[in-house]
Amino acid sequence: MMLDVKDLRVSFLREKLPPAEVIHGVSFSLERGETLGIVGESGSGKTAMSLAIIGLLASTATATGEVMFEGRDLLKMPEPDLCKLRGNRIGMIFQEPMTALNPAMRVGAQISEGLILHKGLSKSEGRKEALRLLEMVQIPRAGQMIDSFPHEMSGGQRQRVGIAIALALKPDLLIADEPTTALDVTVQAEVLDILDDLVTDLGISLILISHDLGVIARIADRTLVMFRGDEMEEGPTERVLRNPSHEYTRKLLDAMPARVRASLKEA
1 MMLDVKDLRV SFLREKLPPA EVIHGVSFSL ERGETLGIVG ESGSGKTAMS LAIIGLLAST
61 ATATGEVMFE GRDLLKMPEP DLCKLRGNRI GMIFQEPMTA LNPAMRVGAQ ISEGLILHKG
121 LSKSEGRKEA LRLLEMVQIP RAGQMIDSFP HEMSGGQRQR VGIAIALALK PDLLIADEPT
181 TALDVTVQAE VLDILDDLVT DLGISLILIS HDLGVIARIA DRTLVMFRGD EMEEGPTERV
241 LRNPSHEYTR KLLDAMPARV RASLKEA
């Protein structure tokens, strides 16, 4: 078992008010090489849950329960140990690459930074590996783009850079938080194909977070449906899409265009 989450609860402190619980005892597991899709509308707690797993919640938030990563509880792990895991064993692709990337730093340097710090690579070795990663995520003209700043790239290219950074240290678990938001459908499909290929080729585990059931259907082995911090249902993606057991999942499906809904059931 790669990841085993039990009764995860996340609360935020409020001035002169009791803490507000936003995740209400969610449990799920993830095997090595498996892709879990977490789907729900905005405000369902998907991002808060992912940040709790990787230990990046705001200082005003607390997380309880168990997040067992290869037998170690991440919620009880000291911050120095968590820092060693982040990037190295657990990578994350953030929702908005324009804000996640450093606007004053060339993308090649941003990719190689972790390799130089954690793996002891020289600058030239780091640059060579950054170029390989850019080619792996299918950045066109990678040899030229490696010296670009984020604002000189398209949204799809920036998201691919984010994927390259997350994969630089070859993590065992990758968390992708809405990796295709604001991308057109063609680029969205390309990014999802890249993630799916990486799971297959590298044998990593993937948590894919999205509000779009169509995105989840494309590559997820299993799907967890969330609403207002609660787990609505969880199971094999094909079963969840074709025979949902919860009314909320049926409403999510009904909210999709009829043509898309039909294609999901035929997939």
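With full-length UniProt numbering as the guide, the letters of the sequence shown map in order to residues 1 to 267.
We treat Cβ as the ideally placed atom computed from N, Cα and C, and that holds for glycine.
Item to complete: Leaving out five residues on either side along the sequence, give the residues of the same chain with a beta carbon under 6 Å from the beta carbon of residue 248.
Response: 227, 232
Worksheet entry | Residue from 115, 43, 10 whose Cα sits closest to the Cα of residue 54 | 10
Practice prompt. Spatial neighbours of residue 187 within its chain, please: CB distance less than 6 Å, with the 5 preceding and 5 following residues excluded, ordered by chain position.
Written response: 156
Discussion item. Check for me: the beta strand (DSSP E) holding residue 21 runs from which residue to which?
Written reply: 17–30
Discussion item. I'd like to know whether the C-beta atoms of residue 100 and residue 112 end up nearer to each other than 8 Å.
Written reply: no
Fill in: Exposure label - residue 251; buried when at least 16 CB within 10 Å
exposed
Discussion item. For residue 181, which residues in the same chain have their Cβ closer than 8 Å to its Cβ, ignoring the five residues on either side in sequence?
Written reply: 95, 96
Practice prompt. Identify whether residue 65 lies in helix, strand or coil by the three-state DSSP scheme.
Written response: strand
Worksheet entry | The alpha helix (DSSP H) enclosing residue 215, as first and last residue numbers | 213–219
Discussion item. By alpha-carbon positions, which one of 149, 27, 3, 207 ends up nearest to residue 98?
Written reply: 149
Worksheet item: If you compare alpha carbons, which of 6, 110, 257, 214 is closest to residue 67?
Response: 6
Worksheet item: Are the beta-carbon atoms of residue 216 and residue 237 separated by less than 8 Å?
Response: yes
Practice prompt. Take residue 13 and list the residues in its own chain whose beta-carbon comes closer than 7 Å to its own, dropping the five residues that flank it on each side.
Written response: 19, 60
Worksheet item: Cα-Cα, which of 259, 34, 93, 211 is closest to residue 159?
Response: 93
Worksheet item: What is the rounded straight-line gap between the Cα of residue 230 and the Cα of residue 3?
Response: 19 Å
Fill in: residue 63 versus residue 75: straight-line alpha-carbon distance, rounded
7 Å
Worksheet item: Among 223, 262, 33, which one has its Cα closest to the Cα of residue 198?
Response: 33
Item to complete: Pull up the distance between the alpha-carbon of residue 122 and that of residue 108, whole angstroms please.
Response: 14 Å
Practice prompt. If I'm right that residue 222 touches residue 36 with Cβ under 8 Å, what's the distance once you round it to whole angstroms?
Written response: 5 Å
Item to complete: Just tell me which of 179, 164, 173 has its CA closest to the CA of residue 29.
Response: 173
Worksheet item: With residue 82 and residue 49 assumed to form a contact (beta carbons below 8 Å), what rounded beta-carbon distance in angstroms separates them?
Response: The Cβ separation is near 16 Å, so there is no contact.
Worksheet item: Going along the chain, which residues of its own chain have a beta-carbon closer than 7 Å to the beta-carbon of residue 40, five neighbours each way excluded?
Response: 46, 211, 225, 226, 227
Worksheet item: Start and end of the alpha helix (DSSP H) containing residue 254?
Response: 247–254
Practice prompt. Would you check if the distance between the CB atom of residue 196 and the CB atom of residue 175 is smaller than 8 Å?
Written response: no
Practice prompt. Identify, in the order they occur along the chain, each residue of the same chain with its Cβ nearer than 6 Å to the Cβ of residue 26, setting aside the five sequence neighbours on each side.
Written response: 8, 231
Worksheet item: Which of helix, strand or coil does DSSP assign to residue 244?
Response: coil
Worksheet entry | Extent of the continuous beta strand (DSSP E) to which residue 87 belongs | Element bounds for residue 87: n/a, residue is neither H nor E.
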